[in-house]
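Protein chains: 2
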Amino acid sequence: MSEQLGITVKKEENFSEWYTQVIQKSELADYSPVKGCMVIKPYGYAIWENIQKIFDSWLKETGVKNAYFPMFIPEALLKKEAEHFEGFTPEVAWITKGGDRDLEEKLAVRPTSETIMYSIFSEWIRSHRDLPLRINQWCNVVRWETKATKLFLRTREFLWQEGHTVHATKEEAEEEVMLRLKQYKKLVEEYLAIPVIDGKKSEGEKFAGALFTTTLESLMSDKKALQMGTSHHLGQHFSKAFEIKFLDKDSKEKYAWQTSWGISTRLIGALVMVHSDNKGLVLPPKIAPLQIVIIPIGAEKTKSVINKAREVKRKLERHYSVETDEREEYTPGWKFNYWELKGVPIRIEIGPKDVENKKLTIFRRDLNTKQSIDEKSFEREIKNLIENIQKNLFEKARKFLDENTFEVNTYEGFKELIEKGGFIKAKWCGEIDCEKKIKEDTTATVRVIPFKQENIKGRCVFCERDAKIIAYFAKSY
Amino acid sequence: MSEQLGITVKKEENFSEWYTQVIQKSELADYSPVKGCMVIKPYGYAIWENIQKIFDSWLKETGVKNAYFPMFIPEALLKKEAEHFEGFTPEVAWITKGGDRDLEEKLAVRPTSETIMYSIFSEWIRSHRDLPLRINQWCNVVRWETKATKLFLRTREFLWQEGHTVHATKEEAEEEVMLRLKQYKKLVEEYLAIPVIDGKKSEGEKFAGALFTTTLESLMSDKKALQMGTSHHLGQHFSKAFEIKFLDKDSKEKYAWQTSWGISTRLIGALVMVHSDNKGLVLPPKIAPLQIVIIPIGAEKTKSVINKAREVKRKLERHYSVETDEREEYTPGWKFNYWELKGVPIRIEIGPKDVENKKLTIFRRDLNTKQSIDEKSFEREIKNLIENIQKNLFEKARKFLDENTFEVNTYEGFKELIEKGGFIKAKWCGEIDCEKKIKEDTTATVRVIPFKQENIKGRCVFCERDAKIIAYFAKSY
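Heads up: the sequence lines are chains U and P, in that order. No gaps in the numbering here: position 425 of the first sequence is 627 in our numbering, and each next residue is one more. No gaps in the numbering here: position 122 of the second sequence is 324 in our numbering, and each next residue is one more.
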């Protein structure tokens, strides 16, 4: 099995092929007969359900309500906010026929729902009493990618959550933008164990139609950057296009201020790229569909092994998701490989000797190490181990991020380092023409302008105008 | 407000307009700028989330795993099972353009996912060890309706769950069909408080591509029938079209046996049509997003009223969803109307006299009656009341169903009664030509052939051939 089902390429040698194999062989997802679209398999979908469960509870605690809006957007609506339309139109899928009849107006399949939601919000909002309005939608969206499909990262259809809020003031909208970004950061760092750099997007990289975009960027282990989540301040761009007005306390009619923010199934791709290894998937315990697997060894000869395995399971399943793999048609070795490939954080092996000595053999997937623990303290040990694995994965990724973030002052240095991968932290003029030239020249983009700005004084790394900001540049997905 | 926001037509006088008003004014859903599509508003979506939460847990307990498959189905795939294609093709929405390029092959937006899922299942299944396979998907589906939109009942896009299973034997697939129908029945009767008749569909009404279809039918209060959920035995129709084969224990390659089953957001429409009244929505406590609302009265003068209201809330929210409506800009009378319109099962009114006398005034929405209860036993009283309201709504609907189910033996009697509405229980030959003629003649269809068959002997109510079954006929949504 290990040859047939195991990963056959090394992460260091062919990252792209390794990534695809890990996803396919650990059964997270697969290609489909529909060009550009993927199937999210039960194991992958269970990770998405965990993300949903955690994040949805935070949304509800902070005043957000879920709803559902039509997936189809008439062309005229999509066009209402000019910058937005221009940004999305190259990748829109269009419905032109219903049954055997041509439609009078073609319908876009939502690439994002600002336009359809806001045309409806304008009817819901009349007074300051109707504000703030906080709506979220878990749904599928479609962007007609023309480049090669990359599972979880670039598919024509994907799943996401899109939050949309409406406020009476610019400041309140800004607080909302920051609150959601903070919730994303907590999710990504504390649950997915992936460190991020939070900040703003440049003019060239912001959301089509936004006043400004905030983002979380992180570094994959091939040293390319990945955007993990974004939260946009939409200003009054859309409220003016969609006539979202309210009667304020001072009896004046005003345009509202808006935000939108989202995370998607690409987070699962990030989990793979950051933590996994040449044996397969590695999952942080807090997000793993299965946290612990118990493998009875030699059970066909020693009945007490199965009993012990089940007893351990009963105790652990009060706090964790646990399975006992009692399949008789596979050897323990096969099972070890199987569950390692699937990235289960902890494996407990129980053989006749373990039963006899009142011990449990524990394998931790993050370090691929084994240890023997006393049965009587195993519940506390497992608790510590779960915490420790979660922490270790984050710290390892943090270290990698730090070691691959470079400060440079000259464009020569920039060009040399950018080819090696990682983030380049540099002084920058902040101008869109400069950003474009760097991209043309190196394919790298401004990933994030961190909130924490220091030592800006000096010249732009590219154009030598006065630097106005510190920015992180990288090649990215 | 009661004039502006209240329901302005009577259920008895204009059922259709009443239905739409209840949904719009209680804020369950509304029309959208997209023809044929609706917006599910937060209050309506919360009911769907409750249905999802309950049903999803039952699915997981019985071996079903959630996954996600592409929404787009290439035309060639959709055509593979001929009967299925013929059944769905008149109502398929087609994607023909991506960005500004015409697609080589047009793509259907899923009207249901048999074809896309099964083309993939055929790759997942090799051996009897891979069976049974049980997959469920919560998603949106599209059927290009040409008749007028009816909120929750007939919209071009709706939300549902579709379960798809694969088995080694016909019998095991049949057990699965019945298990899922039983789970639907439990959901609909015990949670939605809607009594159903369970049985099989006739040849003319079964799912396109099924061996047979089982169904739950119920009666709305305008005496039209509504299908609440269906569970299909697909036989080997699809496994032969999609080459879903497995190596059985006897080393022979065999075609698999399949089932599919679904419920949708139309269940919310049924909730409205069965329980609601001329004051607005009435919701069974087990499915209501908000079970109890507390209205403090005269709180501006008596501080103890708010304290009491909050104390009562704290105690109740351990077991129920509860809100205290402390809004100062509305009168208690306005609030009563508002929450009655929204169908909250129990209202607790707390005024200065209640506080003084250690009493609580309780309003139950199902009967629209008030009573005063002792504060010291209120938790037990509320518990009883919740159970009692749930039971009362079901029994009232059960009585309505029974009183509007008529047995007839002659076609003259059939035609007379069918115009009055309700179910007609009649002896029937079971032939498709006969079923077609009855439909042409009366617009009524065979809704369900109940599992419980008795006293079949006699002649078909229409064609006078020998009766083979007892069937329920009705006009339906």
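Quick reminder that beta carbons are idealized off the backbone N, C-alpha and C, glycines included.
Any chain P beta carbon closer than 8 Å to residue i
| i | result |
| --- | --- |
| U/V343 | no |
| U/A628 | no |
| U/A350 | no |
| U/V663 | no |
| U/W346 | yes |
Enclosing beta strand (DSSP E) for residue i [first to last residue]
| i | result |
| --- | --- |
| P/P652 | T647 to P652 |
| P/E525 | V524 to T526 |
| U/L449 | K447 to L449 |
| P/G300 | A295 to G300 |
| U/R574 | Here residue 574 of chain U is Ser; the residue named in the question, Arg, does not match the sequence. Start and end: T571 to D576. |
N-terminal and C-terminal residue of the alpha helix (DSSP H) that residue i is part of
| i | result |
| --- | --- |
| U/M324 | Sequence inspection shows Ser at residue 324 of chain U; the Met mentioned does not correspond to that position. It spans E316 to W326 - the alpha helix (DSSP H) in which U/S324 sits, taken as one unbroken run. |
| U/Y613 | Y613 to I620 |
| U/H435 | Premise fails: U/H435 lies in the beta strand (DSSP E), A427 to G437, not in any alpha helix (DSSP H). |
| U/I584 | F580 to E605 |
| U/I548 | From DSSP, U/I548 is part of no alpha helix (DSSP H) but of the beta strand (DSSP E) over I548 to I552. |
| U/H477 | R468 to H477 |
| P/Q655 | From DSSP, P/Q655 is part of no alpha helix (DSSP H); its letter is neither H nor E. |
| U/G535 | P534 to L543 |
| U/I396 | Run containing U/I396: none; DSSP gives neither H nor E here. |
| P/G289 | A284 to F290 |
| U/A511 | K505 to L518 |
Three-state class that DSSP yields for residue i in the structure shown
| i | result |
| --- | --- |
| U/Q254 | helix |
| U/E214 | coil |
| U/S329 | strand |
| U/T563 | strand |
| U/D643 | helix |
| U/C631 | coil |
| U/D556 | helix |
| P/V368 | strand |
| U/L279 | helix |
| P/F271 | coil |
| U/M422 | coil |
| P/L335 | strand |
| U/I346 | The residue you asked about is not Ile; residue 346 of chain U is Trp in the sequence shown. Three-state DSSP puts U/W346 in coil, outside helix and strand. |
| U/Y386 | helix |
| U/I494 | strand |
| U/S234 | coil |
| P/L361 | strand |
Chain U contact for residue i (CB, 8 Å cutoff)
| i | result |
| --- | --- |
| P/S321 | yes |
| P/L361 | yes |
### Query
Can you list, in chain order, the residues of the segment 232–265 of chain P whose Cβ is nearer than 7 Å to any Cβ on chain U?
S234, P235, V236, C239, V241, I242, K243, P244, Y247 and E251
### Task
For the segment 268–298 of chain P, enumerate the residues whose C-beta is nearer than 8 Å to any C-beta of chain U, in chain order.
N268, A269, Y270, F271, P272, M273, F274, I275, P276, L279, T291, P292, E293, V294, A295, W296, I297 and T298
### Task
Would you check if there are 3 or more beta carbon pairs closer than 8 Å linking the segment 346–363 of chain P to the segment 436–444 of chain P?
no
### Query
What residues from the segment 300–319 of chain P come within 8 Å of chain U, judged by C-beta to C-beta, listed N to C?
G300, G301, D302, K308, L309, V311 and I318
### Message
Does the contact criterion of 3 or more C-beta pairs under 8 Å hold for the segment 646–661 of chain P versus the segment 618–633 of chain P?
### Response
yes
### Query
Is the number of C-beta pairs between the segment 545–559 of chain U and the segment 603–617 of chain U that are closer than 8 Å three or more?
no
### Task
Determine contact between the segment 244–259 of chain P and the segment 384–396 of chain P, defined as no fewer than three beta-carbon pairs at a distance below 8 Å.
yes
### Message
Is it the case that the segment 525–533 of chain P contacts the segment 454–473 of chain P, given that we only count it when at least three CB pairs across the two stretches are under 8 Å?
### Response
no
#### Entry: Inter-stretch contact (C-beta, 8 Å, three-pair minimum) for the segment 270–277 of chain U and the segment 313–328 of chain U
yes
### Task
Indicate whether the contact test is met: 3 or more Cβ pairs, each with one atom in the segment 444–455 of chain U and one in the segment 403–418 of chain U, closer than 8 Å.
no
### Task
Count the C-beta pairs between the segment 284–301 of chain U and the segment 260–268 of chain P that are closer than 8 Å, then say yes if the count reaches three, no if not.
no
### Task
Flag this pair as touching only if the segment 476–492 of chain U and the segment 594–609 of chain U have three or more C-beta atom pairs under 8 Å; answer yes or no.
yes
### Message
Using a Cβ distance threshold of 8 Å, determine whether the segment 327–341 of chain U contacts the segment 240–253 of chain U, with at least three qualifying pairs required.
### Response
no
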